[in-house]
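The structure appears below as structure tokens.
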Amino acid sequence: MKGLIQTMVLAVLGGCLFFILRLPVPWMLGPLTAILVFKFSFKHYKQAVYWPPLLHQVPLVILGYVMGSSFSIDTRREIIRLFPGMFVSTAIIIGISLLTGLIIYRYIGVSYSTGILGSIPGGLTQTVMLCEEIEGADISVVTFMQTIRLLTVVFVVPFLVVHSSLAMHPASINSQSVSSALLLTDQYPLLIFYTSIAFLGGAIAKKIGLPTPFLMGPMLCIAIPSLLGLSIPHLPSLLVKAAQIAFGAYLGNSIDFKSFDNFKRLLFFALLSALTIIGVSLLVGYGLTHFYSMDLLTAFLATSPGGMSEMAVTALSVNANLSIVTSYQLFRVLLINLMILPILKRVLKSNKEIKEQ
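This is how it looks when you write it as structure tokens:
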């Protein structure tokens, strides 16, 4: 209990500090930074920070609701129009990720499967779970590489979009998600109904094994009626900020510094890999702006190597087109988790069998 209260206080203080300093995505990056600094400074204390699974799942449901409510009938038309670019840009990002994985395999001395799984932008949880099924894949190295990628993207992308010519009109939260108390008084029954649907969607997604179920389930359950033209009430902005704080606290708590000590030689290549993918994402995003009526900020966030929730929170904070960013990120997550990772699993397993023969 002491660890939980301590973590909550750190998260809120970190968020407030980042907000006062006008740093990008303050309510996610502030808690994340505060908890990482505390863990690194007091890493010998057991349970110095603690964040239970429930406090990770509920914020994801809230963020999924916000992402789903950003869709509309116009978005449906936009997604159909943007699909070719969505497919090509995703293929390029995945291709570059696999290439960096091969380079790490060649120059670092890790196994082929470790290099590939550590570089693919398929989500930390999914790739680590796949490691357990593939003999020869080093879970510790993959976790380290995925963590470095996540940290690099989470910190570099928001700073790039806020402190460069990419930025448009920064705001603490996107207007799509802001709701006034006046609106809520008339929409309480509808808000309670759709919030219940969102939580139910998370439970169903978990049951059927969807990736990141507590984000994807609510998002799909809210996006479908929104795409059909139904009016979805917005959540209170204070609740959305609280969800971002909780999500940042979860990210900070989930990163384990103990594994860092053994893999310092990997750090350079892992950072180089992450920065290369970010650079390619920016170039691909720039290319998309020439083919579609899309601003560079939205295009960059749409093609950045995730995670989906982190890029959605960034889009909320900088007034990017949340529905387009979410659509691109969702397409990449589904393609990687439902097609690329199963294919990789087969290829890596067969490659292992061929070497043994």
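Each step along the sequence shown adds one to the number in my numbering, with nothing skipped, and position 85 is 88.
Note that beta-carbon positions come from the ideal geometry of N, C-alpha and C, so glycine has one too.
The region 226 to 238 contacting the region 10 to 28, beta-carbon criterion three pairs below 8 Å: These segments do not touch.
Check this for me: beta carbons of V283 and I119, under 7 Å apart or not? Cβ atoms of V283 and I119: not closer than 7 Å.
With a floor of 4 residues, list each alpha helix (DSSP H) that falls wholly inside the region 192 to 272, ordered by position along the chain. If one requires a minimum length of 4 residues, the alpha helix (DSSP H) runs lying completely within the region 192 to 272 are 216 to 230 and 240 to 257, in chain order.
By Cβ distance, which residues of its chain are closer than 6 Å to H59, with the 5 residues on each side in sequence left out? Excluding positions up to five away in sequence, the list reads Y253.
For G121 and L269, I'd like the C-alpha separation in whole angstroms. So the two alpha carbons sit approximately 11 Å from each other.
Beta-carbon proximity list for G251, same chain, < 6 Å, skipping 5 on both sides: Correct list, in chain order: M31, P34 and L35.
Exposed or buried, which one is I8 when buried takes at least 16 other CB atoms within 10 Å? Exposure of I8 is indicated by the presence of fewer than 16 other C-beta atoms within 10 angstroms of its C-beta.
Return the Cβ separation of V160 and T317 in integer angstroms, given the expectation that the two are a contact with Cβ distance under 8 Å. Contact check for V160 and T317: beta-carbon distance about 6 Å, within the 8 Å limit, so the pair qualifies.
Give the straight-line distance between the Cα atoms of R349 and R84, rounded to the nearest whole angstrom. Their Cα atoms are separated by approximately 33 Å.
Collapsed DSSP secondary structure at R25 in the structure displayed: Shown here, R25 sits in coil according to DSSP, grouped into three states, outside any helix or strand.
Can you tell me the Cα-Cα spacing of N340 and I151, whole angstroms? Roughly 20 Å separates the two Cα atoms.
Alpha-carbon spacing of L3 relative to A245, whole angstroms: A query on residue 3 cannot be resolved here, the shown segment of the chain reaching from 4 to 360 and no further.
Segments assigned alpha helix (DSSP H), at least 4 residues, entirely inside the region 38 to 90: Listed in chain order, the complete alpha helix (DSSP H) runs (minimum 4 residues) inside the region 38 to 90 are 57 to 72.
How would you label E136, buried or exposed, when you count the other beta carbons within 10 angstroms and need 16 or more for buried? E136 counts as exposed, since fewer than 16 other C-beta atoms from the protein chains shown sit within 10 angstroms of its C-beta.
In chain order, what residues of the same chain lie with their CB nearer than 7 Å to the CB of V328, ignoring the 5 residues before and after it? Contacts found: T301, L304, A305, M314, A315 and A318.
Count Cβ pairs between the region 72 to 80 and the region 283 to 294 that sit closer than 8 Å; are there 3 or more? The region 72 to 80, when compared against the region 283 to 294, does not touch it at the 8 Å Cβ threshold.
For A226, which of T198, Y68, L26 and F90 has the nearest alpha-carbon? Distance from the Cα of A226 is smallest, within the candidate group T198, Y68, L26 and F90, for Y68.
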